[in-house]
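For reference, the structure is listed below as structure tokens.
Chains as they are written, first to last, in our numbering: chain P, 1204 to 1830; chain X, 3 to 357.
Below, the structure is given as structure tokens:
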């Protein structure tokens, strides 16, 4: 049925739509024309976008981050961004020296164990105030720890720190006493934000309170959090009364960029002062920024290791074995042969394109106290011929097809678990495939989005593995102890990849009870040596932290370690606290000046009105026509 | 002018024109029929919604593994803590009980608590929903308008230079990946290139710290590039559908009659041809409307827009089951609601539907 007898509705709608469409076109075209305040902005491009900020003389340090905040509650947050921000908001009992990572005073000025090693007494500083003016005391610290010990919800993020605590008290405002169940050498490394009791005692349910409703958030760190918008930004102002001295920038903003290329573009433009890679800028991004004026690429030793882990035969604490790791990998000679088949230097050059350091011991070299590397005689250096000999000697000889076979006669084909989202895994995997292939060992790369499930079920032979290491190495050491195995095959343990070695465990217990740093470091090194010999963890590389910042916005900023180290994700607040604004710049601001916006939008509106008028006139003409 | 633009019409004008007023049945009968039609459609939608509710629960339970492991991934946790999480999120209950709890709560608007954000799912969704609607809604209005506008003009002068230019450009843009175009726009118009200044912010929805009118301007400023990206990539679809629908109508007798009445070509197009050709476009409009809620993950990512698409991505990468479930439900519901709306509007646009 025809509907041309009802023209009015259709005509009106179409006219409106058409007008809107044309207006949109004009609007966008109008904004991009040279009639706009373009020339000034072209000059301003780069360092001095900040018309507004400059007017107020405000120096803003904007950090582009790729992670979103999971929670602003220090009791719940576990992501690097959130915990880094908590470092800025709250003082911890202790901190780490930016030069060499040794423990330095934080909220506590002194900490001492008793003779029986079971009681630690912390002296709390009297010159730290909460941002609402109240004094920070030992009672706040005691309350924080007690809350974590008694409320499961408050133990979510940092519960592991208090599992060995028997009792925590504050006999005086400057004295905190922690009694332990058994000796624990990590008492100078309690990375727990201390919160103000008078604010937090009002919280009802710690498992749901995200600390993101009222601002500014009361704290005593170098910065005070003043505003937060999910997936957009976190803004912090300097704490002028911070005991170590106030930060030099007027504002610190963490801005969320989901796309790293966009973040790099923002840095190039000067919209952000700093780009933290996640976990690092890609070699291509770093290369593209190297030649840029006023941009410094910080290509520094990182805190991560990148390893190929071996399934040692997954097992639970109850003694039950599970999973389906290859039988040949239970042989130490085979594992060591696999070490020798991998050319780490080539991986650094080709895959990491120089943005990594060749792997050796378990703990990265930046943690100089605990870093260990094998002696020449102990080292399992790249030597395919020797690897082949070892395999022959272990009884895994080649068959008629040139393939090495398991004891049951089947050709060896190792499944390597790889993260589908990590390009390094895939590239390294290809090299490993080639090198193992030459030895007569087949390799299947299992690149998955979710590696957790086959991993926890022990259904793999080899796996790409990596951890970020803390100044205190306890955690990364603990994940290879028998105690970290799951209770039963159905449970989840803290174990990394099911390693359980008696000698290693003995050393672990010794170091945890050793309060002398030098002696403890020696024990830790023995553990690393043992781990290396077992051949379970082939540390191939220590990837660099590749990040970049604008030198016309940030004059200087402290890296950790000082000589060469990272800026984002430090242990401590050193980088942002120490950052000095560049004189010439108004630091970063978002986008172009507001005059530009106003003129652009006015141009758009004018265009819109124009188009509207045009259509109205046409309509009138048509009406006349009809009559 | 008419003959030049649409030579095919010459043949079509041979037949007798049927341009009389439409025949209307008794009003009461039409209303009853329409009500029955509406009831049917609403019932169907309700059943679909229920099915989505059930599916979203069981579908994501098929993901292997223990949610508690995802929650505590990479952290040191004791067995006691694991048990506590199970209890807190009701994961220790039998599946059927979890399901009845889930349904009961869902009916009261409670979609559970997000594992990673420790916040009610409904809060996370309502936080991001307006942002997504602002972006996709603005883009939707613009690309639909632009698509219809250019589509009708293309069809009217089918084969002409402007038609070929228009369809060519639309097809090219339509086939460009949105994230690539977005990055290109950022490099050219945000950072600036050659004589082109960096006019727009590189990402996000606002600079922060602004209020009132300044805030509105700030958001508008941030909105332009992502909207342009979306419009550029999406308008081609509307253009092509409108164009082909209108081409189908071009030979109709009533158009000849309209011309014979002495109406201007412009009027023939706007008042006679387009309204009749609009039905496929309306279908497309409602499909697109349903999609606006789901957001546009790629564009949201490139421009760091804090919307539902990004939230969905974050939820999936954990996987944060309650959030994934909740978002899936909202996305599916939006499509169902929009399709139902389209169904309800068809009979009003074209009385042949629903009889």
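From the three backbone atoms N, C-alpha and C, an ideal C-beta is built for every residue, glycine too.
Predicted model only: the values in this text are computed from it and were never measured.
Buried versus exposed, by CB contacts within 10 Å (16 or more), residue i
i: residue 120 of chain X; result: buried
i: residue 1714 of chain P; result: buried
i: residue 60 of chain X; result: exposed
i: residue 1524 of chain P; result: exposed
i: residue 1394 of chain P; result: buried
i: residue 218 of chain X; result: exposed
i: residue 1262 of chain P; result: buried
i: residue 1382 of chain P; result: exposed
i: residue 274 of chain X; result: buried
i: residue 105 of chain X; result: exposed
i: residue 1315 of chain P; result: exposed
i: residue 1541 of chain P; result: buried
i: residue 1575 of chain P; result: buried
i: residue 1250 of chain P; result: The predicted model places residue 1250 of chain P with a pLDDT of 37, which falls under 50 and marks its position as unreliable; any figure quoted below should be read in that light. It is buried - the Cβ of residue 1250 of chain P has at least 16 other Cβ atoms within 10 Å.
i: residue 115 of chain X; result: buried
Which of helix, strand or coil DSSP assigns to residue i
i: residue 1650 of chain P; result: strand
i: residue 207 of chain X; result: coil
i: residue 1703 of chain P; result: coil
i: residue 1359 of chain P; result: coil
i: residue 1671 of chain P; result: strand
i: residue 1175 of chain P; result: Nothing about residue 1175 of chain P can be reported from this structure: the residues present for chain P run from 1204 to 1830 only.
i: residue 1549 of chain P; result: helix
i: residue 1271 of chain P; result: coil
i: residue 1400 of chain P; result: helix
i: residue 1292 of chain P; result: helix
i: residue 187 of chain X; result: helix
i: residue 1757 of chain P; result: strand
Span of the beta strand (DSSP E), counted from its first residue to its last, around residue i
i: residue 293 of chain X; result: Careful: residue 293 of chain X lies outside any beta strand (DSSP E), inside the alpha helix (DSSP H) at 276 to 296.
i: residue 1316 of chain P; result: 1311 to 1316
i: residue 1308 of chain P; result: 1306 to 1308
i: residue 1502 of chain P; result: 1498 to 1503
i: residue 1507 of chain P; result: 1507 to 1513
i: residue 1378 of chain P; result: 1378 to 1383
Residue i, enclosing alpha helix (DSSP H) - first and last residue
i: residue 142 of chain X; result: 123 to 158
i: residue 193 of chain X; result: Neither: residue 193 of chain X is in no alpha helix (DSSP H) and is coded neither H nor E.
i: residue 1261 of chain P; result: Note, residue 1261 of chain P: premise wrong, no alpha helix (DSSP H); not H, not E.
i: residue 1622 of chain P; result: Element bounds for residue 1622 of chain P: not the alpha helix (DSSP H) but the beta strand (DSSP E), 1616 to 1622.
i: residue 1436 of chain P; result: Run containing residue 1436 of chain P: none in the alpha helix (DSSP H); it sits in the beta strand (DSSP E), 1436 to 1441.
i: residue 1731 of chain P; result: 1720 to 1737
i: residue 226 of chain X; result: 214 to 251
i: residue 1373 of chain P; result: Counting along the chain, residue 1373 of chain P falls outside any alpha helix (DSSP H), though it belongs to the beta strand (DSSP E) covering 1368 to 1375.
Sub-8 Å separation of residue i and residue j beta-carbons
i: residue 58 of chain X; j: residue 1461 of chain P; result: no
i: residue 177 of chain X; j: residue 165 of chain X; result: no
i: residue 1663 of chain P; j: residue 1683 of chain P; result: no
i: residue 1645 of chain P; j: residue 1604 of chain P; result: no
i: residue 1505 of chain P; j: residue 1568 of chain P; result: no
i: residue 1452 of chain P; j: residue 1784 of chain P; result: yes
i: residue 260 of chain X; j: residue 270 of chain X; result: yes
i: residue 225 of chain X; j: residue 136 of chain X; result: yes
i: residue 1413 of chain P; j: residue 1274 of chain P; result: yes
Backbone CA spacing between residue i and residue j [nearest angstrom]
i: residue 132 of chain X; j: residue 1475 of chain P; result: 26 Å
i: residue 1650 of chain P; j: residue 1657 of chain P; result: 11 Å
i: residue 1509 of chain P; j: residue 1731 of chain P; result: 15 Å
i: residue 1203 of chain P; j: residue 1628 of chain P; result: One cannot answer for residue 1203 of chain P here, as it falls past the ends of chain P, which runs 1204 to 1830.
i: residue 339 of chain X; j: residue 331 of chain X; result: 12 Å
i: residue 1625 of chain P; j: residue 1670 of chain P; result: 14 Å
i: residue 1516 of chain P; j: residue 63 of chain X; result: 29 Å
i: residue 335 of chain X; j: residue 126 of chain X; result: 17 Å
i: residue 1778 of chain P; j: residue 1481 of chain P; result: 17 Å
i: residue 1590 of chain P; j: residue 1623 of chain P; result: 29 Å
i: residue 1347 of chain P; j: residue 1489 of chain P; result: 42 Å
i: residue 344 of chain X; j: residue 53 of chain X; result: 20 Å
i: residue 1530 of chain P; j: residue 1350 of chain P; result: 47 Å
Residue i beta carbon near the ligand GDP (any heavy atom closer than 7 Å)
i: residue 225 of chain X; result: Within the structure as shown, the ligand GDP is missing, as the structure has no ligands at all.
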